[in-house]
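What follows is a short report on a single structure.
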Amino acid sequence: MEVLPDSIAGLEKLEELDVSSNLLVFLPNSIGLLQNLKFLNVSANKVKALPESIALCSSLVEIDASFNNLLSLPINIGYGLVNLERLSIQLNKIRLLPPSIFEMKSLRFLDAHFNELRGLSQAIGRLTNIEVPNPSGNFGDLEELPRRNW
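So in UniProt numbering, spot 123 of the sequence shown is number 123, and the numbers just go up one at a time.
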């Protein structure tokens with residue numbers, strides 16, 4: 001599958017969406033209308049960006065967007081995803097985590113290994129529920145890493 005149709009928004013009661021291992025390049029903005037969506041798996045595609053509307057899916061508990069071509073995350077992703085516990089974004093091309101990600105108070109698992117991260121903000125300390133984050137395979141130009149006892 002190369003295109004996820006906009007009509008996906010009509011599935012108002014949808015709780016789990018697995019479109020992994022396809023040829024998707026983008027997700028439609030209409031995905032933000034899936035208010036009951038709890039699990040989203042878009043791994044192993046060619047997605048370059050998640051739509052800003054993803055932040056409207058406030059019921060999301062888990063997103064797996066690993067093995068894509070993500071260059072960044074939506075700037076507002078952390079403000080709307082108040083229930084997100086797991087975020088898997090490994091094996092992408094992300095250089096910077098948006099500041100809003102550090103507002104995700106429910107986030108327990110963050111796997112961002114093998115991206116192109118240049119560093120981590122001191123704000124990572126605000127993720128009080130996070131278990132051990134996995135930022136390995138990053139930081140080619142890293143000068144300093146924030147201190148925190150995990």
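Note that the Cβ used here is the ideal one computed from N, Cα and C, for glycine as well.
Helix, strand or coil at residue i [DSSP, three-state]
| i | result |
| --- | --- |
| I31 | helix |
| F39 | strand |
| residue 151 | The chain is shown from 1 up to 150; residue 151 falls before or after that span and cannot be answered. |
| S100 | helix |
| I75 | coil |
| S21 | coil |
Contact under 7 Å by Cβ, residue i with residue j
| i | j | result |
| --- | --- | --- |
| D6 | N41 | no |
| residue 168 | K13 | Not covered by the structure: residue 168. The range shown for the chain is 1 to 150. |
| S58 | G78 | no |
| S88 | S66 | yes |
Residue i classed as buried or exposed, judged by whether at least 16 other C-beta atoms fall within 10 angstroms
| i | result |
| --- | --- |
| G10 | exposed |
| V47 | buried |
| L23 | exposed |
Minimum Cβ-Cβ distance from residue i to chain D less than 7 Å
| i | result |
| --- | --- |
| I54 | The structure shown contains no chain D, having only a single protein chain. |
heavy atom of the ligand COA below 6 Å from residue i C-beta
| i | result |
| --- | --- |
| Y79 | For the ligand COA, the structure offers nothing, since it holds no ligand at all. |
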